[in-house]
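Our numbering numbers the first residue of the sequence shown as 16 and each following residue consecutively.
Using N, Cα and C, we set each Cβ at its ideal position, and we do this for glycine too.
Remember, predicted model here, so these are calculated numbers, not experimental data.
See structure below.
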Amino acid sequence: MKLRIDNIVEKTRIYGPGWRTAIWVKGCTLACEGCWNQDLWPHEGGTLWNQDDLLTHLLSIKTEGVTFLGGEPLQQPKALLPVLQGLKQEGRSIFIYSGYDEEEMNSSQKACLELADIAVLGRYVQELRNTNLKWRGSENQTVEFRSNRYDESDMGGEANQFEVHISKDGHVKIIGYPDDETIEKLIGMDENMNPQPVETD
């Protein structure tokens, strides 16, 4: 079984404690209004990764753990589970973002959630958007510490952090939680990295 993935950022400090690898899976039927990643809704496209190949690749990257975003990671639970198990066995921490609340999940989805050290659960609600929240976008979403590895003290630092990643071919990807003012400033940067002047404090 293969996991459909849109993108992998090998090292980031945005999505969870420490240096992490972030994986955006492809496909989501929850369709939250105002979703930042609507291009990841279709269950087509992206890259199909063999589970063993993906696990080997992730373990070759020296980070504290792996964060799964989307799309909706728990809409591919049977493909995801062996990868999570392999990461856990090798001591990597696991952070899962899901638009589901736990009571909505089926047994396969819950099996994935049980392996998470941290999870952010709940739909994104545009009317409850708050860029001052850590690791989440709207006030209804919850951060759950599901193991003894982390606790609330690991949520230090500014809330609305973001990173700009530039690929070797000049493609620009913004990840994280930029506030509205920052988004406006970044609009001048196109896919070919031709930025307009941006003032910084």
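Can you tell me the Cα-Cα spacing of residue i and residue j, whole angstroms?
i	j	result
Gln141	Leu70	34 Å
Tyr115	Gly101	24 Å
Ile15	Ala46	Outside the shown range of the chain (16 to 216) lies residue 15, about which nothing can therefore be said.
Arg107	Asp184	30 Å
Asp21	Gly61	4 Å
Val98	Tyr112	16 Å
Leu55	Glu48	14 Å
Cys43	Arg19	12 Å
Ser162	Gln104	15 Å
Gly137	Gln53	17 Å
Ser122	Ile23	27 Å
Phe160	Asp169	10 Å
Val135	Asp68	26 Å
Pro32	Phe110	9 Å
Thr146	Val81	23 Å
Val158	Arg151	8 Å
Gln211	Glu119	Low local confidence applies: a pLDDT of 45 at Gln211 is under 50, so the model's placement there is unreliable, and no value is given.
His268	Gln91	Missing from the structure shown is residue 268; the chain here goes from 16 to 216 and no further.
Lys41	Arg28	22 Å
Leu148	Gly171	11 Å
Considering only the alpha carbon of each residue, which of the options lies closest to residue i?
i	options	result
Asp132	Glu167, Gly86, Glu118	Glu167
Tyr165	Asn147, Asp67, Glu79	Glu79
Trp34	Val40, Lys26, Phe110	Lys26
Asn65	Lys103, Leu96, Asn145, Gln156	Leu96
Ser153	Leu143, Phe160, Glu159	Leu143
Answer with yes or no whether the minimum CB distance from residue i to chain C is below 8 Å.
i	result
Glu167	In the displayed structure, chain C is absent; only one protein chain is listed.
Starting from residue i and walking both ways along the alpha helix (DSSP H), at which residues does that stretch end?
i	result
Lys103	92-104
Thr71	66-75
Lys26	It is not in any alpha helix (DSSP H) - Lys26 instead sits in the beta strand (DSSP E) that spans 17-27.
Are the CB atoms of residue i and residue j nearer to each other than 8 Å?
i	j	result
Leu84	Tyr30	yes
Lys17	Ala94	yes
Glu117	Leu130	no
Tyr139	Gln156	yes
Trp51	Gly86	no
Leu63	Thr36	no
Along the chain, where does the beta strand (DSSP E) that runs through residue i open and close?
i	result
Ala37	35-40
Thr157	157-160
Thr82	80-84
Would you list, in sequence order, the uninterrupted alpha helix (DSSP H) runs of no fewer than 4 residues that lie entirely inside the region 113-145?
-> 122-128
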